Amino acid sequence: MQQYDYLVADTSFLVHLDRRGREKLRDLLMRILRELNVRHEKIIIPPVVKLELVDQPLERRIYLDSVGRFQDLINEGIIEARRIDYGDPRISKVSDEARRYLAKKAGKYEHLVEKADIEVIALTFNLVFEGHSVVVAVRDKALKEVLQASLRVHKLAIKVKIFD
Numbered sequence: 002m003q004q005y006d007y008l009v010a011d012t013s014f015l016v017h018l019d020r021r022g023r024e025k026l027r028d029l030l031m032r033i034l035r036e037l038n039v040r041h042e043k044i045i046i047p048p049v050v051k052l053e054l055v056d057q058p059l060e061r062r063i064y065l066d067s068v069g070r071f072q073d074l075i076n077e078g079i080i081e082a083r084r085i086d087y088g089d090p091r092i093s094k095v096s097d098e099a100r101r102y103l104a105k106k107a108g109k110y111e112h113l114v115e116k117a118d119i120e121v122i123a124l125t126f127n128l129v130f131e132g133h134s135v136v137v138a139v140r141d142k143a144l145k146e147v148l149q150a151s152l153r154v155h156k157l158a159i160k161v162k163i164f165d
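Residue numbers (the working numbering): 2 to 165.
Pasting the structure below:
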């Protein structure tokens, strides 16, 4: 079985797992990391996903139970928010392409595309350009399709597994 360095996750994937509630979120995430053979047993998220999961709800004082669970996982190092290197022109190009593809797929203007979707794709490419292999966990069909297409265009599909 191929081993991957990290698992990159989008907001909807993590929220879906949290809402399942049949087992503790921490235990479920660790089991998924082991089953997918993720070397560092760590889930990497873009900063905007952390904003959606923890920071904004704390500001608004909503969903406090789930916010606490996600914050605990961040504190434990199981989930890590990692900055994206937009100084790398390849990342900027991938982000622009992703924004265009997602807008076209959704039939909306580019400025209305979810920033988290673009950042999941940008972070995936950022990690791959650094030499890592990655599993990407997404629930959004359009995001999955755009990510697959982007990986094919850049001939990087071998370095990334998409998990839903």
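Ideal Cβ positions, reconstructed from N, Cα and C, are used throughout, including at glycine. If you're wondering where the values come from, they're calculated on a predicted model, not measured in any experiment.
- In the structure shown, K160 adopts helical secondary structure according to DSSP, grouped into three states.
- The stretch 108-152 is shown to contain whole alpha helix (DSSP H) runs of 4 or more residues at 116-130, in chain order.
- The stretch 89-102 and the stretch 123-136 touch, with no fewer than 3 CB-CB distances between them shorter than 8 Å.
- Per the Cβ contact rule, the stretch 138-156 is in contact with the stretch 10-28 (3 or more Cβ pairs under 8 Å).
- Between E42 and the set L52, E81 and Q57, the nearest pair of CA atoms involves E81.
- In the structure shown, Y87 falls within a coil segment according to DSSP collapsed to helix, strand and coil.
- The DSSP assignment places complete alpha helix (DSSP H) segments of no fewer than 4 residues inside the stretch 26-104 at 26-36, 48-51, 57-61 and 65-77, in order along the chain.
- A check of alpha carbon separations from V147 across Q4, V114, Q3 and E131 identifies V114 as the nearest.
- Under DSSP, L8 forms a beta bridge with I44 and V136.
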